[in-house]
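Quick notes on the structure that follows.
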Amino acid sequence: MAALPLVFGLLVGSFLNVVIARVPEGRSVWAPRSACPRCGALIAWYDNIPLVSFLLLRGRCRGCRAGIPWRYPIVEAATGAAFALAYVLLGPTPKFLVAAVLLGALIAITAIDLRHQIIPDVISLPGIVVGFVANSLLTGGVGWLDSLIGIAVGGGIFLVIILVSGGGMGGGDMKLGAMLGAFLGWKLGLLALLLGVLAGGAVAVVLLLLGRKGRKEAIPFGPYLALGGAVALLWGDQVLTWYLSRF
17 MAALPLVFGL
27 LVGSFLNVVI
37 ARVPEGRSVW
47 APRSACPRCG
57 ALIAWYDNIP
67 LVSFLLLRGR
77 CRGCRAGIPW
87 RYPIVEAATG
97 AAFALAYVLL
107 GPTPKFLVAA
117 VLLGALIAIT
127 AIDLRHQIIP
137 DVISLPGIVV
147 GFVANSLLTG
157 GVGWLDSLIG
167 IAVGGGIFLV
177 IILVSGGGMG
187 GGDMKLGAML
197 GAFLGWKLGL
207 LALLLGVLAG
217 GAVAVVLLLL
227 GRKGRKEAIP
237 FGPYLALGGA
247 VALLWGDQVL
257 TWYLSRF
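Numbering (our numbering), first residue to last: 17 to 263.
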């Protein structure tokens, strides 16, 4: 049964590639049709089949043979795998649909932040509203009050950091924190932030030790928040139960 969510995720991942390419440039994700950025040739439907077309074309444009970035199949595969995993864990429930929306948004944010070091408001701000509305309407999900507190806590923590550090964190991180709180509630939202900080800190230490980054160089934090959000979404209740059982 996970095959259908997998295929659906691959298709969504193909659309997310359009979002990742166009949103940072302020272009519409609906029009015009996708085209090769080098030769301008429109991409036919049979050259736009997730993963399959990339393999058949050997990662090159059919017209000019320019290389297709590996980001495209990676995003498609990651989205398909994420949707399939969420379906296996959550089943055919409204929670799965909400999880699919959040996972798709997190994948797009991760790719954009890694490439441009920005977290677009056009993803995070609507995400806050969607997360709150979904949890307010869906039975068995996070309650509306829990979601509302999550928005305040997730965004408020980063707001305090921004004010205290004089800009050590960006406004995009604050809005992403609020979005995670809207979808996950305040408890799992806090867990997502903690996991993101731990993951980001570990990677930063490794990069510093390897000399890949200087102490004053900025490191995109959005991908680590997204990772923390995905883990909290799929396994957060188990992690909290395990942690609280230690006391």
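C-beta: ideal position from N, C-alpha, C; glycine also. Owing to the predicted nature of the structure, the values given are computational and were not obtained by experimental measurement.
- In the DSSP assignment, E41 falls outside any alpha helix (DSSP H), carrying neither H nor E.
- Inclusion of I134 and G188 in the CB contact set at 8 Å is warranted, their separation being smaller than that value.
- Bridge pairing for R76: G83 [DSSP].
- Classified as buried, M195 has 16 or more neighbouring CB atoms from the shown chains inside 10 Å of its CB.
- Here DSSP, grouped into helix, strand and coil, assigns L58 to strand.
- The beta carbons of A82 and G29 sit no closer together than 8 Å.
- For F199, the enclosing alpha helix (DSSP H) begins and ends at 187–225.
- In this model, F148 and C80 are separated by some 46 Å (Cα to Cα).
- For the pair W61 and R131, the Cα-to-Cα distance works out to about 27 Å.
- Here D63 is buried. Its C-beta has 16 or more other C-beta atoms within 10 Å.
- The C-beta separation of L154 from L200 comes to about 13 Å, leaving the pair out of contact by the 8 Å criterion.
- DSSP places A93 within a helical segment (H, G or I) once states are collapsed to three.
- Going by C-alpha positions, W251 is about 34 Å away from W46.
- Around the C-beta of P239, 16 or more other C-beta atoms lie within 10 Å, and the residue is accordingly described as buried.
- Here the alpha carbon of G120 sits roughly 7 Å from the alpha carbon of L32.
- Per DSSP, the unbroken alpha helix (DSSP H) holding G238 starts and ends at 238–260.
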